[in-house]
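In the order they appear, the protein sequences are chains A and B.
Under our numbering, read the first sequence as residues 24 to 127, first letter to last.
Under our numbering, read the second sequence as residues 824 to 1081, first letter to last.
Note that the Cβ used here is the ideal one computed from N, Cα and C, for glycine as well.
Presented below is the structure to which this report refers.
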Amino acid sequence: MNGDADSKLAGAAADGETSKPRQRFVLEETGFDEVPEKYRKYYRKWKGPSDDLGPNEVLCPVCKVVIRSTRELRPGDRVYCMACFTRFTVTRSELGALEATIEY
Amino acid sequence: MAESGSDVHSLSPDRFLEEVHSFEFWFHAVEGYLSATRFGRRPQTQEAPLSESERDRLITVLCHYCVGETAALEASSGLIAIAPNRLAKVFLATQVVDEGRHLEVLLHRLQDLGVTEPEQEIERRATGSLLAFKRRLLELVEGRDWEAAIFAQNVILESLEFTVFQAHAETADPVTRDVLQGIVKDERRHIGFGENELGRRLKVSPHVRARLAAVRHELDPLVLASCDETMAQLGTPPAERPEIGRSYLAAVHRLGFA
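See below:
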């Protein structure tokens, strides 16, 4: 993970999650081919409702692609879906799952 | 463009929009899934035998798709002239290319299936609701109503195509599945552009919402009827058909048209 990029990532967790260091992830391409090559590792195909998302992943509600980050996601983070051009803020649902909330 | 080694999510919102609306982005995106295909078909995909009735139903469905794609081709090219900014104009130029390709691969698939005069066949099999939708969409473009035309094309038409094509691809013969899966990948950009463009405009001009609600009221029945006809041809049980509209309904809900 690039430290400079880290510092540019938007948003901060608004709860106790800020006190714990974030997990880091090395992303590898998974066969998602709908964006230019340099961006492909940030996305993967969604396998349906039984698909367990990792702590660095959130589902795009517009086009149903899994958005991935090199770090653990927390509420308040900004993520982009390049497959459908959409910007999101990460939120936590009532059930505790991470969700992507659209920002027009 | 993101610097090598940096995280895509660290782009500024303006830089992100500039990037994804560019021809450069489009070119490298479609290269990933189209470069190895011919008329949307991967070289290793083999034709599966179809019964005469399956073939006839497939021809009807593909003819319906061709009407929708022709509507989108004509409308998106007309929209370039009234697009409010450079990013939207450039994006629509890429959408025109996508729609032209969709029409071409579908016509080619009809020829594969033995249709010698595809354009005449489309005219013969097109449904009244689809033709009425197309006519109204083109009127909105000719009337230079940017928001209503984008709503009709990129939210209503594209969302429903996105879901119908995905559902059809799951049960289609291998060659038709290749063709449809390639189209669905393009549709992600089209639906995302429409929803985001309207979402941004509604944020600063909430009065537009009432006009779009009227457009929705007028066009929903046409496009839903045509979906229903298509799903009937595909043999989808009536109980499963409401699911087809879920992507579209979710989009209009996010835009505040619950």
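- Residue nearest to B:D1043 within the set B:E897, B:E842, B:F848 and B:F1080 is B:F1080 (criterion: CA-CA distance).
- Of all alpha-carbon atoms in B:K1026, B:I1006 and B:R958, the one lying nearest the alpha-carbon of B:E1041 is that of B:R958.
- Using a Cβ distance threshold of 8 Å, B:A971 and B:V1038 count as a contacting pair.
- When B:T986, B:E922 and B:L1047 are compared, the shortest CA-CA separation from B:L954 is found for B:L1047.
- Distance between B:Q934 and B:P941, taken at the CA atoms: about 7 Å.
- Here DSSP, grouped into helix, strand and coil, assigns A:E80 to strand.
- With respect to the C-alpha of A:Y127, the residue from B:Q943, B:V890, B:T939 and B:V1027 having the closest C-alpha is B:V1027.
- Rounded to whole angstroms, the separation of the alpha carbons of B:F956 and B:E1052 is 14 Å.
- Using a Cβ distance threshold of 8 Å, B:R1012 and A:F48 do not count as a contacting pair.
- Counting along the chain, the unbroken alpha helix (DSSP H) around B:A916 starts and ends at R909 to D935.
- Note that the C-beta distance between B:F848 and B:F1016 is not below 8 Å.
- Using beta-carbon distances, B:H991 does not count as an interface residue toward chain A, since no partner is under 8 Å.
- Chain-ordered listing is empty here: chain A has no CB closer than 7 Å to the CB of B:R838, the nearest sitting near 10 Å.
- Chain-ordered, the chain A residues with CB closer than 9 Å to the CB of B:F1016 read C107 and F108.
- In this structure, the straight-line span from the alpha carbon of B:A1074 to that of B:S982 is close to 8 Å.
- Between the C-alpha atoms of B:A911 and B:F985 there is a straight-line separation of about 21 Å.
- By the neighbour-count definition (other C-beta atoms within 10 Å, threshold 16), A:P72 is an exposed residue.
- Taking a Cβ-Cβ cut-off of 7 Å, the neighbours of B:K1008 in chain A comprise E57, given in sequence order.
- In this structure, the CA atom of A:F55 is about 13 Å from the CA atom of B:G1005.
- With a threshold of 16 other beta carbon atoms within 10 Å, B:R861 falls short and is exposed.
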